[in-house]
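A.B. asks: Residue 7 in our numbering sits at position 17 of the sequence shown; the count goes up by one each step and never skips. Before we start, here is the structure in question, set down as structure tokens.
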Amino acid sequence: MGPMFDQRSRTRRTNADVRAAQDRVYASRAALTATYQEGAGMAVLAAEYGVSRPWLRERFVEWGVPVRGRRTGVGGDAC
């Protein structure tokens, strides 16, 4: 049996770390939404900014950004 993901090995982020990541999203709103609209995936952007995909999706909905399905990308159609 191969190595399993050990949840305990992850360092838990502080509330300040989470808030700082969220603040970076708010500060980069225009660039972030443009990058998403050009085809970047939400999961990739969420990881890059250090926020969760559901949290980022909620911001896009609040900001009126059309949200693609998970299988839609550059030149792709939703499945």
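For every residue, glycine included, the Cβ atom is placed at its ideal position computed from N, Cα and C. Keep in mind the model is a prediction, meaning the values are calculated, not measured.
By the three-class DSSP mapping on this structure, what secondary structure does E74 have?
C.D. replies: Because the chain is modelled from -9 through 69, residue 74 falls outside the range shown and cannot be assessed.
A.B. asks: On the criterion of 16 or more Cβ atoms from any shown chain inside 10 Å, does A36 qualify as buried, or is it exposed?
C.D. replies: Counted from its first residue, the sequence shown places residue 36 at position 46. The residue in question, A36, is buried, as its Cβ has 16 or more Cβ neighbours within 10 Å.
A.B. asks: Give a yes or no on whether the C-beta atoms belonging to Q53 and R19 are separated by under 8 Å.
C.D. replies: As a first step, residue 53 is located in the sequence shown; it is residue number 63 there, counting from the start. As a first step, residue 19 is located in the sequence shown; it is residue number 29 there, counting from the start. Note on identity: in this sequence residue 53 is Trp, with Gln being the wrong assignment. Their beta carbons are under 8 Å apart, which means W53 touches R19 by this criterion.
A.B. asks: T23 by DSSP, collapsed to three states: which one?
C.D. replies: Here residue 23 refers to the residue found at position 33 when the sequence shown is read from its first residue. Of the three classes helix, strand and coil, the one that applies to T23 here is helix, per DSSP.
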